[in-house]
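In my numbering, the protein residues as written are 74 to 612.
Note that beta-carbon positions come from the ideal geometry of N, C-alpha and C, so glycine has one too.
Each remark here refers to the structure printed beneath this line.
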């Protein structure tokens, strides 16, 4: 015991649990008239935004929602979705944002597994909600219907409660519930469930607070930044950006549909400074008709995850006024927790040299305590030689609490005191990590390991290829061989023979795809290529 261990205890004056709800309370007090949300013709100030969130919390409380309950939502990127990110946890309840592109059976499973007490449904997704509820046995959640006042959509009301009336009945001065412990759950996100039922990833207030600020630091977001919602808010709580914008009194520009014309109009009209999205969003921006594109006086910061963008795409984005930053993370790490932190001296490298640096996933966010590559059996770090492969592992305060009602999966994920990502990668001498593959995506052909990412990198450099994915195809002689699925750019042509010949120039012969198929690649709602579907096609 030292002198610092006596008479210096925690008390309410010197210790408060961290929560991102405090960001909104501050911005409403400091910037009450600042525009918080732009939605179509609607403009909502921070003062009104905060009051509506408190009204939502108040009404939920009056409806019986309490600490530890789950409130699920099937919503597009609308003001209601932003309000739920604050109003739901203001009651002590947990927000469960459901992926609107999933099938009814998966939604029904999620609602039952989460024991949802309330379901807020956008009219556009009423059929999905209705079909999901019909598949549920046991207790059904209270259903609240949200009808977008700005955009007409098809659909019907599923419940008997109207969202706007529900919010209006609440108290704008509602004394919301600060968490008694920052470890309390704030949100629940279900993984994609490509094998078996999805797992429920639980976030806590502390992690949401830290990544909310971490995004601001990593993105260099200035006060009153303008953020365009091209990333679905149901995906890892929109990478925590619903909370990040309140740190700086920024403006949310909600985009109901990710369409090129709407994106370009918003970029120009609202002087957007930041946006996020999968590579498909970049394709949407770049492939827009020239008549839709606008001259942008401002530089726009674009954060992308998934596969590293090809050099040609980065150059095209730069020409249009975008600076692209590559991020990496998982649902279990609140979204992105790793950034390709670009060094100015890399600008002096030639094209291939810059592309090699851009291909790295990067280094940890400020909010993450440790990131490395380990041998998953020995739990020892691999040599930082850029060649020895291991599993990418995370440790820190922006790693999930665990999987809801699944202690076995949580135990496996946290084995050895680290979060096991399931991603295979290497560690470079400068500390930057680089993914090589998912453990399940490595192709073993004739006893040789082939990285599907390495083959895809070569395919993406072909001038006619817009998107590509490589999976294992069963082979009697070799066990497995690489099979390439390719999506061509509009107006471009190529044959399977052309593409195989291209690959022979860029890699060892045993890595070259033996099969090439031209398809529209199946993608998730966030733009990630669904390799499990391609594996079925390859078989």
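> By the 10 Å Cβ neighbour count, where 16 or more other Cβ atoms means buried, how is residue 612 classified, buried or exposed?
Replying inline: Your numbering for residue 612 matches position 539 in the chain shown. Taking all protein chains shown into account, residue 612 has fewer than 16 neighbouring C-beta atoms within 10 Å of its C-beta and is therefore exposed.
> Excluding the five sequence neighbours on either side, which residues of its own chain have a C-beta within less than 7 Å of the C-beta of residue 309, listed in chain order?
Replying inline: Position 236 of the chain shown, counted from the start, is the residue given in the question as residue 309. Scanning its chain for C-beta atoms nearer than 7 Å, with the 5 sequence neighbours on each side dropped, one finds around residue 309 the residues 262, 404, 407 and 408, in chain order.
>> Going by beta-carbon coordinates alone, are residue 318 and residue 300 separated by less than 8 Å?
In response: Here residue 318 refers to the residue found at position 245 when the chain shown is read from its first residue. Here residue 300 refers to the residue found at position 227 when the chain shown is read from its first residue. A contact, by the Cβ cut-off of 8 Å.
> At what residues does the beta strand (DSSP E) containing residue 184 begin and finish?
Replying inline: As a working mapping, residue 184 is identified with position 111 in the chain shown. No beta strand (DSSP E) holds residue 184; the alpha helix (DSSP H) holding it covers 177-187.
> Measuring CA to CA, which of 302, 440 and 187 is closest to residue 291?
Replying inline: Locating residue 291 in the chain shown gives position 218, where the first residue counts as 1. Nearest option by C-alpha distance: 440.
> Which residues in the same chain have their Cβ closer than 6 Å to the Cβ of residue 435, if we skip the five residues on either side of it in sequence?
Replying inline: Position 362 of the chain shown, counting from 1, holds the residue named residue 435. 411, 412, 413, 414 and 505, listed in sequence order.
> What three-state label does DSSP hand residue 278 in the structure shown?
Replying inline: For the purposes of this step, residue 278 is taken as the residue at position 205 of the chain shown. Residue state, collapsed to three classes: helix.
>> Give me the residue from 191, 153, 116 and 122 with the minimum Cα distance to residue 139.
In response: Reading the chain shown from its first residue, position 66 is the one you call residue 139. Nearest option by C-alpha distance: 191.
>> Spatial neighbours of residue 149 within its chain, please: C-beta separation below 6 Å, excluding the five flanking residues on both sides.
In response: Taking the chain shown and counting its residues from 1, one reaches residue 149 at position 76. Excluding the 5 residues flanking it on each side, residue 149 has same chain C-beta neighbours closer than 6 Å at 195 and 329, in chain order.
> Once you ignore the five residues that flank residue 209 on each side, which residues in its own chain have a CB closer than 7 Å to its CB?
Replying inline: Taking the chain shown and counting its residues from 1, one reaches residue 209 at position 136. The residues 181, 184 and 185, in chain order, have a CB closer than 7 Å to that of residue 209 in the same chain once the five nearest residues on each side in sequence are set aside.
>> I need the straight-line Cα distance from residue 236 to residue 311, nearest angstrom please.
In response: By one-based count along the chain shown, residue 236 stands at place 163. By one-based count along the chain shown, residue 311 stands at place 238. It is roughly 22 Å from the alpha-carbon of residue 236 to the alpha-carbon of residue 311.
>> Restricting to runs no shorter than 4 residues, where is the alpha helix (DSSP H) found entirely within the stretch 191-276?
In response: The stretch 191-276 contains these whole alpha helix (DSSP H) runs: 199-208 and 236-241.
> Fully enclosed by the stretch 431-516, which beta strand (DSSP E) runs are 3 residues long or longer?
Replying inline: Note on the stretch 431-516: whole beta strand (DSSP E) runs with a minimum of 3 residues are 443-448, 463-468, 492-500 and 506-511, in chain order.
>> Once the 5 residues before and after residue 268 are set aside, which same chain residues still bring their CB inside 7 Å of it?
In response: Within the chain shown, residue 268 is the residue found at index 195, counting from 1. Confidence at residue 268 is low in this model, with a pLDDT of 48, below 50, so the placement of that residue should be treated as unreliable; the coordinate-derived value is given next. Taking residue 268 as the centre and dropping the five residues before and after it, the same chain places no C-beta closer than 7 Å to its C-beta.
>> If contact is defined by three or more beta carbon pairs under 8 Å, each pair taking one atom from either stretch, is the stretch 222-235 in contact with the stretch 250-261?
In response: Taking a contact to require three or more Cβ pairs closer than 8 Å, the stretch 250-261 and the stretch 222-235 do not qualify as touching.
> Can you tell me whether residue 547 is buried or exposed, with buried defined as 16 or more other CB within 10 angstroms of its CB?
Replying inline: Working through the chain shown from its first residue, we reach residue 547 at position 474. So residue 547 counts as exposed.
> I think residue 332 touches residue 371, with their Cβ atoms under 8 Å apart; what is that distance to the nearest whole Å?
Replying inline: Taking the first residue of the chain shown as position 1, residue 332 is located at position 259. Taking the first residue of the chain shown as position 1, residue 371 is located at position 298. Distance from residue 332 to residue 371 at the Cβ level is roughly 21 Å; contact not present, criterion being Cβ atoms closer than 8 Å.
> Since residue 537 contacts residue 567 with CB under 8 Å, what's their CB separation in whole angstroms?
Replying inline: Numbered from 1 along the chain shown, position 464 holds the residue referred to as residue 537. Numbered from 1 along the chain shown, position 494 holds the residue referred to as residue 567. Correct: roughly 4 Å between the Cβ atoms.
>> Quick check: the Cα distance between residue 200 and residue 240, rounded to an integer number of angstroms?
In response: Taking the first residue of the chain shown as position 1, residue 200 is located at position 127. Taking the first residue of the chain shown as position 1, residue 240 is located at position 167. Approximately 24 Å between the Cα atoms of the pair.
>> I need the boundaries of the beta strand (DSSP E) containing residue 135, first residue and last residue.
In response: Within the chain shown, residue 135 is the residue found at index 62, counting from 1. Per DSSP, residue 135 belongs to no beta strand (DSSP E); it is in the alpha helix (DSSP H), 119-135.
>> Quick check: the Cα distance between residue 534 and residue 563, rounded to an integer number of angstroms?
In response: Taking the first residue of the chain shown as 1, we reach residue 534 at position 461. Taking the first residue of the chain shown as 1, we reach residue 563 at position 490. For residue 534 and residue 563, the distance between alpha carbons rounds to 16 Å.
> Under the DSSP definition of a beta bridge, which residues are partnered with residue 596?
Replying inline: In the chain shown, counting from the first residue as 1, residue 596 sits at position 523. In the DSSP output, where bridge partners are listed per residue, residue 596 has 602.
>> If contacts are defined as beta-carbon pairs under 8 Å, then residue 608 and residue 559 qualify, I think. What distance do you get, rounded to the angstrom?
In response: By 1-based counting over the chain shown, the position of residue 608 is 535. By 1-based counting over the chain shown, the position of residue 559 is 486. Between residue 559 and residue 608 the Cβ distance is about 16 Å, and since that is not below 8 Å, they are no contact.
> Considering residue 571, what are the terminal residues of the alpha helix (DSSP H) in which it resides?
Replying inline: Taking the chain shown and counting its residues from 1, the one referred to as residue 571 is at position 498. Secondary structure note for residue 571: its alpha helix (DSSP H) is the uninterrupted segment 569-579.
> Can you tell me the Cα-Cα spacing of residue 106 and residue 321, whole angstroms?
Replying inline: For the purposes of this step, residue 106 is taken as the residue at position 33 of the chain shown. For the purposes of this step, residue 321 is taken as the residue at position 248 of the chain shown. Each residue's alpha carbon lies about 14 Å from the other.
> Going along the chain, which residues of its own chain have a beta-carbon closer than 7 Å to the beta-carbon of residue 445, five neighbours each way excluded?
Replying inline: Counting from 1 along the chain shown, the entry for residue 445 is found at position 372. Closer than 7 Å at Cβ, skipping near neighbours: 454, 466 and 500.
> Of the choices 264, 326 and 294, whose alpha-carbon is the least far from that of residue 476?
Replying inline: As a first step, residue 476 must be located in the chain shown, where it is residue number 403. Comparing Cα positions, the closest option is 264.
>> So for residue 165, helix, strand or coil by DSSP?
In response: Translated into the one-based positions of the chain shown, residue 165 becomes position 92. Reduced to three states, the DSSP call for residue 165 is coil.
>> My assumption, with CB atoms under 8 Å, is that residue 86 sits in contact with residue 133. Please give the rounded CB distance.
In response: To locate residue 86, count along the chain shown from 1; it is residue 13. To locate residue 133, count along the chain shown from 1; it is residue 60. The C-beta distance from residue 86 to residue 133 rounds to 31 Å, too long to fall under 8 Å, and the pair is not in contact.
> What residue range is occupied by the uninterrupted beta strand (DSSP E) comprising residue 334?
Replying inline: Walking along the chain shown from the start, residue 334 turns up at place 261. Not the beta strand (DSSP E): residue 334 falls in the alpha helix (DSSP H), residues 333-342.
>> From the DSSP secondary-structure annotation, give me the bridge partner or partners of residue 299.
In response: As a working mapping, residue 299 is identified with position 226 in the chain shown. Answer is 324, bridged to residue 299.
>> According to DSSP, simplified to helix, strand and coil, what is residue 315?
In response: Looking up residue 315 in the chain shown gives position 242. Helix at residue 315.
> For residue 604 versus residue 557, is the C-beta spacing smaller than 8 Å?
Replying inline: Your numbering for residue 604 matches position 531 in the chain shown. Your numbering for residue 557 matches position 484 in the chain shown. When the beta-carbon positions are compared, residue 604 and residue 557 stay at least 8 Å from each other.
> In its own chain, which residues sit with a C-beta less than 7 Å from the C-beta of residue 315, not counting the 5 before and 5 after it?
Replying inline: As a first step, residue 315 must be located in the chain shown, where it is residue number 242. The beta carbon of residue 315 is closer than 7 Å to those of 155, 158 and 306 in its chain, skipping five residues each way along the sequence.
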